[in-house]
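Engineer:
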Amino acid sequence: MPKLIFRLLLTFFVFVGVFILIQRSVTPDSFGKYGHYRANSLDDNLMKPFYYKGEAKCTECHQDVFDQKASDLHDAVRCESCHTPKIPGTVECKVKPPIVKGTIEFCAQCHAINAGRLEKGVPQLDFKEHYEKQNCIECHNPHAPWELKEN
Amino acid sequence: MGTERKLNNRRKFFQTSAALVGGTLLYSLIKPFEGLAQPKEEETKIDKADLPLWGMGVDIEKCIGCGKCAEACKIENNVPREPFYFRTWVEQYTVKNNGEVKIESPNGGIGGLKQSVPDEDIFKSFMVPKLCNHCSKAPCVQACPVGATYISPDGVVLVDESYCIGCSYCIQACPYGVRFMNPITKVADKCTFCYHRITKGLQPACVEVCPTNARIFGNLRDKESDLVAFLQENATQVLKPHLNTHSRVFYNGLTSEVK
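Respectively, the protein sequence lines represent chains A and B.
According to our numbering, the first sequence is numbered sequentially starting from 4.
According to our numbering, the second sequence is numbered sequentially starting from 607.
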């Protein structure tokens, strides 16, 4: 073999070898286990903390409120639709009770008049006409909105 | 005496340096061959038919635009509260009597959407929740140069936050505009169907809080799931079907105005 060709081949294989070495040392461990990605990343996504506990968890302590809610028009509304959690789901919820002030602005999120809401079965109000200054929960029980409180 | 100590020190210095450099070099040379001694696990073929295939149905006829879903998503996934970062949001479409279409989504619908067009000008008005469509042929996955975004075995498009290099190619590739650059982690961020929840048997946060059940989540392979029932009952469509992304978010009541 001519010296020239030998040197060329040698350089070529050295380059290929170096490339393989670098590639093997920088590829993360679980890469390519399921496809062109790091399989451990699935666990990273799994391990994130959750906040919303689900209605079943709330009902464990608040069965009475749940029954009341189920008896009236807010039956399809889940607890956490209004009571947004403030702490991760693994922490005892008594630490920071998710109390809601039933202000007009809060109830208006669903019940203010909007042309896109007509005929969807959600009562809509002009809050200025209805009761301008009072909070909704002063008359309505939010868990059973058709039960009016006596003033 | 002084010179001797100096020499000794110099010798020690060279010895330690040589040991350090040599050790590092040796390790970097050996590490790639670890795989040879212990054969690397082959690409595991998992039987996908046993796994769930997650999908979502969105009923435009039921959505009232209260924005609870967008709010819940931000709480659940620690999305920055500024009004430009959303994993899911709600748009209000208003078709005026003169044929103009007005699309608005102030703060993603959080706090409830308000109609800004006077009643007498409105021909029709409706709300459309938007989120990642979890395409089976996802353009964002094809665009990622490092394999940091991928379709999980159960059909959810996820981001590998520790591997993403933040090049934003996926954000440009997404035809639905559902990806954004997270200003805190500095990597691409998107809806994961609340992957940490659905794998624990919970519903995604947006589905959990929807007061009118306008979002239906479930397993497309389970013929008894609510989602399959929803698909059988309604004539559903996907967004931008001409792009052949084969998305897994199905809309009921989708009209031609929706982009």
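Glycine included, each C-beta is placed from N, C-alpha and C at the ideal position.
Which residues mark the beginning and the end of the beta strand (DSSP E) in which Lys708(B) is found?
Structural biologist: Val707 to Glu710
Engineer: Is the beta carbon of Pro31(A) less than 8 Å from the beta carbon of Tyr769(B)?
Structural biologist: yes
Engineer: Roughly how many angstroms lie between the CA atoms of Arg827(B) and Val834(B), to the nearest whole one?
Structural biologist: 8 Å
Engineer: Along the chain, where does the alpha helix (DSSP H) containing Thr59(A) start, and where does it finish?
Structural biologist: Reading off the sequence, residue 59(A) comes out as Ala, not Thr. Note, Ala59(A): alpha helix (DSSP H), Glu58 to Thr62.
Engineer: Lys105(A) versus chain B: which residues are under 8 Å apart at the beta carbon?
Structural biologist: In the sequence as presented, Lys is not what sits at residue 105(A); that position holds Gly. The contacting residues do not exist; Gly105(A) stays about 15 Å from chain B at best.
Engineer: By the DSSP assignment, the beta strand (DSSP E) with Phe732(B) in it spans what residues?
Structural biologist: Ile728 to Lys736
Engineer: Suppose you measure from the CA of Ile771(B) to the CA of Pro658(B); what does that come to, to the nearest Å?
Structural biologist: Spanning the two alpha carbons is a distance of roughly 30 Å.
Engineer: Could you tell me whether the Cβ of Thr581(B) comes closer than 8 Å to any Cβ of chain A?
Structural biologist: Here chain B has residues from 607 to 865 only, and residue 581(B) is not among them.
Engineer: Let me know if Asp78(A) comes out buried or exposed under the rule of 16 or more other beta-carbons within 10 Å of its beta-carbon.
Structural biologist: exposed
Engineer: Taking the continuous alpha helix (DSSP H) assigned at Phe856(B), which residues delimit it?
Structural biologist: That residue, Phe856(B), is in no alpha helix (DSSP H); its beta strand (DSSP E) goes Val855 to Asn858.
Engineer: Quick one: what does DSSP say Pro781(B) is sitting in, helix, strand or coil?
Structural biologist: coil
Engineer: Taking only runs that begin and end inside the stretch 53-100 of chain A, name each unbroken alpha helix (DSSP H) of 4 or more residues, in chain order.
Structural biologist: With a minimum length of 4 residues, the continuous alpha helix (DSSP H) runs that stay inside the stretch 53-100 of chain A are 58-62, 66-73 and 82-85.
Engineer: Taking C-alpha atoms, which residue in Thr805(B), Lys792(B), Asn825(B) and Pro810(B) lies nearest to Lys674(B)?
Structural biologist: Pro810(B)
Engineer: Per DSSP, what kind of secondary structure is Gly663(B) in: helix, strand or coil?
Structural biologist: In the structure shown, the three-state DSSP call for Gly663(B) is strand.
Engineer: Would you call Ile716(B) buried or exposed, if buried means 16 or more other Cβ atoms sit within 10 Å of its Cβ?
Structural biologist: buried
Engineer: Compare the C-beta of Leu45(A) against all C-beta atoms of chain B and say whether one is closer than 8 Å.
Structural biologist: yes
Engineer: Can you check the stretch 746-778 of chain B for any alpha helix (DSSP H) of at least 4 residues that lies completely inside it and give the ranges in chain order?
Structural biologist: none
Engineer: Taking Ala754(B) as the reference, give the member of His39(A), Ser28(A) and Thr62(A) with the closest Cα.
Structural biologist: His39(A)
Engineer: I think Asp665(B) touches Ala820(B), with their Cβ atoms under 8 Å apart; what is that distance to the nearest whole Å?
Structural biologist: 5 Å
Engineer: Around the C-beta of Lys829(B), are 16 or more other C-beta atoms found within 10 angstroms, so that it is buried, or is it exposed?
Structural biologist: exposed
Engineer: Compare the beta carbon distance of Gly824(B) and Gly718(B) with 8 Å and say whether it is the shorter of the two.
Structural biologist: no
Engineer: Can the beta-carbon of Arg687(B) be found less than 8 Å from the beta-carbon of Cys746(B)?
Structural biologist: no
Engineer: In terms of alpha-carbon separation, which member of Gly35(A), Ile25(A), Phe34(A) and Tyr37(A) lies closest to Ile636(B)?
Structural biologist: Looking only at Gly35(A), Ile25(A), Phe34(A) and Tyr37(A), the smallest Cα-Cα distance to Ile636(B) is reached by Ile25(A).
Engineer: Using a Cβ-Cβ cut-off of 8 Å (strictly less than) and excluding sequence neighbours within five positions of Phe34(A), which residues of its own chain qualify?
Structural biologist: Tyr40, Arg41 and Ala42
Engineer: Under 7 Å between beta-carbons, which chain A residues line up against Pro759(B)? List them in chain order, please.
Structural biologist: Tyr37
Engineer: Is it a yes or a no for the stretch 786-796 of chain B touching the stretch 615-633 of chain B, going by three-plus beta-carbon pairs under 8 Å?
Structural biologist: no
Engineer: Quickly, what does DSSP pair Lys702(B) with across the bridge? List them, please.
Structural biologist: Within the DSSP secondary-structure output, Lys702(B) pairs in a beta bridge with Ile728(B).
Engineer: Can you check whether the C-beta of Val68(A) is within less than 8 Å of a C-beta belonging to chain B?
Structural biologist: So no, Val68(A) is outside the interface.
Engineer: Does chain B have any CB closer than 8 Å to the CB of Tyr54(A)?
Structural biologist: yes
Engineer: Would you call Ile822(B) buried or exposed, if buried means 16 or more other Cβ atoms sit within 10 Å of its Cβ?
Structural biologist: Label assigned to Ile822(B): buried.
Engineer: What is the rounded straight-line gap between the Cα of Ile116(A) and the Cα of Leu151(A)?
Structural biologist: Cα-Cα distance, rounded: 21 Å.
Engineer: Going by alpha carbons, who is nearest to Gly671(B) out of Gly57(A), Lys131(A), His65(A) and Cys110(A)?
Structural biologist: Cys110(A)
Engineer: So who's on the other strand from Leu833(B), going by DSSP bridges?
Structural biologist: Looking at the DSSP assignment, Leu833(B) forms no beta bridge with any residue, so it has no partner.
Engineer: Compare the C-beta of Ser862(B) against all C-beta atoms of chain A and say whether one is closer than 8 Å.
Structural biologist: no
Engineer: For Leu45(A), which of helix, strand or coil comes out of DSSP?
Structural biologist: helix
Engineer: Helix, strand or coil: which one does DSSP assign to Thr805(B)?
Structural biologist: Assigned with DSSP and collapsed to three states, Thr805(B) falls in coil, not helix or strand.
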